[in-house]
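In the numbering used here, the protein residues as written are 2 to 78.
Structural data, given as C-alpha coordinates:
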(Lines of atoms letter the chains of each structure in order from A; the text may use other names.)
(Lines give C-alpha, C1' and ligand atoms only; values in the text may rest on other atoms or scores of the structure.)
Protein backbone atom coordinates (compact mmCIF):
# COMPACT_ATOMS: atom_id res chain seq x y z
CA UNK A 2 0.00 0.00 0.00
CA UNK A 3 1.21 3.52 -0.83
CA UNK A 4 0.57 6.73 1.04
CA UNK A 5 0.63 9.90 -1.05
CA UNK A 6 1.40 13.20 0.65
CA UNK A 7 0.04 16.40 -0.92
CA UNK A 8 2.78 18.42 -2.61
CA UNK A 9 2.53 22.09 -3.64
CA UNK A 10 3.40 23.06 -7.23
CA UNK A 11 6.23 25.62 -7.14
CA UNK A 12 7.26 25.60 -10.83
CA UNK A 13 5.74 24.51 -14.13
CA UNK A 14 7.54 23.60 -17.36
CA UNK A 15 5.39 21.94 -20.02
CA UNK A 16 4.49 18.43 -18.89
CA UNK A 17 6.72 18.66 -15.80
CA UNK A 18 6.38 20.43 -12.46
CA UNK A 19 8.55 21.02 -9.44
CA UNK A 20 6.64 20.26 -6.26
CA UNK A 21 7.48 20.91 -2.61
CA UNK A 22 6.53 19.07 0.54
CA UNK A 23 8.01 19.73 4.00
CA UNK A 24 10.82 21.77 2.43
CA UNK A 25 11.85 19.05 -0.03
CA UNK A 26 11.48 19.70 -3.76
CA UNK A 27 11.34 17.24 -6.64
CA UNK A 28 10.42 17.19 -10.30
CA UNK A 29 7.35 15.21 -11.33
CA UNK A 30 5.55 14.36 -14.56
CA UNK A 31 2.10 15.84 -15.18
CA UNK A 32 1.11 13.39 -17.92
CA UNK A 33 -1.59 11.81 -15.70
CA UNK A 34 -3.21 15.14 -14.74
CA UNK A 35 -6.26 15.86 -16.90
CA UNK A 36 -6.57 19.64 -16.41
CA UNK A 37 -4.10 22.53 -16.30
CA UNK A 38 -2.37 23.29 -13.01
CA UNK A 39 -1.21 26.62 -11.68
CA UNK A 40 1.46 27.58 -9.19
CA UNK A 41 0.29 26.89 -5.64
CA UNK A 42 -1.98 23.97 -6.57
CA UNK A 43 -1.58 20.77 -4.55
CA UNK A 44 -1.18 17.35 -6.17
CA UNK A 45 -0.70 13.76 -5.07
CA UNK A 46 2.39 12.08 -6.50
CA UNK A 47 2.77 8.35 -6.92
CA UNK A 48 5.99 6.39 -6.70
CA UNK A 49 7.86 6.88 -9.92
CA UNK A 50 7.32 10.63 -9.95
CA UNK A 51 3.90 11.01 -11.61
CA UNK A 52 1.40 13.53 -10.24
CA UNK A 53 -1.99 11.87 -10.59
CA UNK A 54 -4.59 13.95 -8.72
CA UNK A 55 -5.19 17.58 -7.76
CA UNK A 56 -6.10 18.11 -4.08
CA UNK A 57 -8.19 20.98 -2.69
CA UNK A 58 -6.00 23.35 -0.64
CA UNK A 59 -8.01 22.95 2.59
CA UNK A 60 -7.77 19.15 2.43
CA UNK A 61 -4.05 19.35 1.57
CA UNK A 62 -3.35 21.67 4.53
CA UNK A 63 -5.27 19.46 6.96
CA UNK A 64 -3.42 16.36 5.79
CA UNK A 65 -0.02 18.10 5.92
CA UNK A 66 -0.67 19.47 9.42
CA UNK A 67 -1.67 16.03 10.68
CA UNK A 68 1.32 14.31 9.08
CA UNK A 69 3.63 17.07 10.26
CA UNK A 70 2.52 16.58 13.85
CA UNK A 71 3.09 12.81 13.59
CA UNK A 72 6.49 13.23 11.90
CA UNK A 73 7.61 16.19 13.98
CA UNK A 74 7.95 18.37 10.85
CA UNK A 75 6.70 21.90 10.41
CA UNK A 76 4.49 22.82 7.48
CA UNK A 77 5.87 25.79 5.49
CA UNK A 78 3.03 27.46 3.62
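By construction, the Cβ of each residue, glycine as well, lies at the ideal position given by its N, Cα and C atoms.
Chain-order list of residues whose beta-carbon lies under 6 Å from that of residue i (same chain, five-residue window excluded)
{"i": "residue 34", "result": "52"}
{"i": "residue 21", "result": "9 and 11"}
{"i": "residue 19", "result": "11, 12, 26 and 28"}
With 16 other Cβ atoms within 10 Å as the buried cut-off, status of residue i
{"i": "residue 56", "result": "buried"}
{"i": "residue 72", "result": "exposed"}
{"i": "residue 61", "result": "buried"}
Anticipated Cβ contact below 8 Å, residue i with residue j, distance rounded
{"i": "residue 43", "j": "residue 8", "result": "7 Å"}
Cut-off 7 Å between Cβ atoms - residues of its own chain near residue i, not counting five sequence neighbours on either side
{"i": "residue 68", "result": "6"}
{"i": "residue 41", "result": "9 and 10"}
{"i": "residue 58", "result": "43"}
Interface flag, residue i vs chain B, CB-CB below 7 Å
{"i": "residue 55", "result": "In the structure shown, chain B cannot be found, because there is only a single protein chain."}
Close Cβ partners of residue i (< 8 Å) along its chain, the five nearest in sequence each way excluded
{"i": "residue 50", "result": "27, 28, 29 and 30"}
{"i": "residue 17", "result": "28, 29, 30 and 31"}
{"i": "residue 63", "result": "none"}
Just checking, does the stretch 3-15 make contact with the stretch 36-43 on the three C-beta pairs under 8 Å criterion?
-> When C-beta atoms of the stretch 3-15 are compared with those of the stretch 36-43, three or more pairs fall below 8 Å, so the two segments count as touching.
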